[in-house]
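*Asks:* Submitted below is the structure of interest, expressed as C-alpha cells.
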Amino acid sequence: MSAPQILSTGRALPRRVVTNQELSQRVDTSDEWVFSRTGIHSRHFCQEEHGLDLAQRAARQALERAGLGPEDIGVCLVATFTPDFASPSDACLLQQRLGLLEDTVCFDLNAACAGFLYGLKTAHALLADAPRPYALLLGCEVISRVMDMDDRNTCVLFGDGAGAVVLRRREDAVWHTVCGSRGDGQSIWVHGLGQGRPLIHMDGKSVFRFAVEVVERSIQQLLQAEGCGIDGLDLVVCHQANARIIDHVAKKLKAREGLFYKNMDRYGNTSAASIPIALDELVEQGALRPGMRVLAVGFGGGLTWAGALFRWDC
Ligand code: UT7
C-alpha cells in the first residue's frame with residue numbers, strides 16, 4: 003500500500019478583509035443573518051492581487067517549510083475553478099514563477115470545492131511515475147471575480163485565498179478515499195467563456211441538502227474502511243462552506259465537541275482552498291501531531307465530493 007504524506011503546508015490570503023457589516027451597506031443583509039445562517043463574519047477579497055500571487059506565496063511557504071527547492075518538485079497541481087487565465091493554467095504560470103524544472107507535470111484541476119481532495123488523489127497517483135519524488139498541490143480561488151456583488155444569495159458566502167501542501171508518496175502507509183460526482187448543472191454553476199462576465203449562481207437549499215447527505219455518507223464509508231468509529235478520529239477537516247452543514251453532520255454522527263475544525267468565520271467559503279488553508283492553520287496551532295487520524299471531506303459544484311482518511315505524519 004502507499005499513501006500521500008503531507009510534508010508541509012502554506013497559505014496566503016488577500017490583504018483586504020470584508021466584513022458582513024461592510025456587505026450590508028451594499029445588499030439587503032446583516033451580520034446577524036449571515037453569521038447565524040453560515041457561521042461567517044468576514045472574508046478576504048483580492049483587490050490588487052491576482053490568484054497567482056496568492057498561489058506563489060502559499061507555495062513558497064510550503065516549499066521553505068519542507069526544506070525543498072523548485073528543483074525537487076516533480077508534480078505541480080492547482081485545484082481551482084477561478085484560474086487567472088483559461089490558458090495557460092495557474093500551474094504552468096506558477097511553474098514559471100517558482101522556476102520548477104521543465105519535466106514537471108503541471109496542470110489545473112477543476113472539481114470545485116472538492117478540488118483539493120481530488121488533487122490529493124491525483125498527485126499521489128502521478129508521483130508513482132514522476133521525475134522527482136515531491137509534489138506541490140494547491141487550492142487557489144479568486145471567487146470575488148465571479149460574484150455578483152448585488153446578489154445577496156451568493157455575495158456573502160465566498161472568499162478568496164490559497165493553500166498549499168508539499169507531498170511525497172509513502173510506500174508503507176495506508177489511506178482510504180471516497181470520490182464522486184453527480185452530473186448536476188442546476189445547483190451551482192458559473193457560465194464559461196464567451197457568455198459575458200462569469201457569475202456564480204447557486205440554489206443554496208439543494209446544495210445544503212446534498213452536502214449534509216454526502217458528507218455524512220463519506221465519513222461513514224471512510225470509518226468503515228478504517229475499521230473505527232467516529233471516536234477513533236483525532237480531527238475532521240471539512241470543506242468550510244457553512245457551519246450549519248458541519249454542525250448538522252457532527253450531531254448526526256454524535257461526534258465529540260471540537261472534533262470538526264471550523265474557520266469559515268474569518269474566510270468564508272474559499273472553495274478548493276478551504277481544506278489546505280485549514281490544514282495550515284492547524285499546523286501553526288500545533289494541533290496536528292504525528293500519528294493522528296485525520297479525515298478530510300469536501301463537496302461542491304458538479305456536484306462533486308471527495309474524502310480521505312489518513313495518518314498525519316509530518
Ligand atoms: O461550496 C459550495 C457549496 N455551497 C454550499 O454549501 C451552500 C449550501 N447552502 C447554504 O449554505 C444555505 O442554503 C445558504 C446560506 C446559502 C442559505 O441559507 P438558508 O437558510 O437555506 O436560506 P434560504 O436560501 O432559504 O433563504 C431564507 C431567506 C429568504 O427570504 P424569504 O424568501 O424567506 O423571504 C432569502 O431571500 O433569507 C433570504 N436571504 C437573505 N437574507 C438576508 C438570502 N440571502 C440573504 C442574505 N441576507 N444574505
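In terms of our numbering, the sequence shown is numbered consecutively and its last residue is 316.
Glycine included, every Cβ here is placed at the ideal spot set by N, Cα and C.
Taking the alpha-carbon of HIS126 as reference, which of VAL214, GLN7 and ARG184 has the nearest alpha-carbon?
*Replies:* GLN7
*Asks:* Going by Cα to Cα distance, which pick from HIS52, GLY206 and ALA175 is closest to ASN155?
*Replies:* GLY206
*Asks:* Could you check the C-alpha separation between VAL107 and THR124 for me, to the nearest Å?
*Replies:* Rounded to whole angstroms, VAL107 and THR124 show a C-alpha spacing of 11 Å.
*Asks:* Thinking ILE75 and ARG134 are a contact (beta carbons under 8 Å), I'd like their distance in whole angstroms, please.
*Replies:* 6 Å
*Asks:* Let's see if you can read the secondary structure: which residues bound the alpha helix (DSSP H) around GLY149?
*Replies:* At residue 149 the sequence reads Met, which differs from the Gly that was named. According to the DSSP assignment, MET149 belongs to no alpha helix (DSSP H), since it is labelled neither H nor E.
*Asks:* Apart from the five residues on each side of it in sequence, which residues of its chain come closer than 7 Å, Cβ to Cβ, to ALA213?
*Replies:* ALA243, ILE247 and PHE301
*Asks:* Per DSSP, which residues does ARG295 bridge with? Please list them.
*Replies:* Per the DSSP secondary-structure output, ARG295 pairs in a beta bridge with ARG313.
*Asks:* Since PRO135 sits in a beta bridge, which residues does DSSP pair it with?
*Replies:* Answer by DSSP bridge pairing: none, since PRO135 is not bridged.
*Asks:* Could you check if VAL148 belongs to the surroundings of the ligand UT7, using beta carbon to heavy atom distance under 8 Å?
*Replies:* no
*Asks:* Can you tell me whether DSSP reads LEU103 as helix, strand or coil?
*Replies:* coil
*Asks:* Which word fits CYS230, buried or exposed, when buried means at least 16 other C-beta atoms lie within 10 angstroms of its C-beta?
*Replies:* exposed
*Asks:* CA-CA distance, VAL176 and ILE221?
*Replies:* 17 Å
*Asks:* Please confirm whether SER4 and ALA93 have their CB atoms less than 9 Å apart.
*Replies:* no
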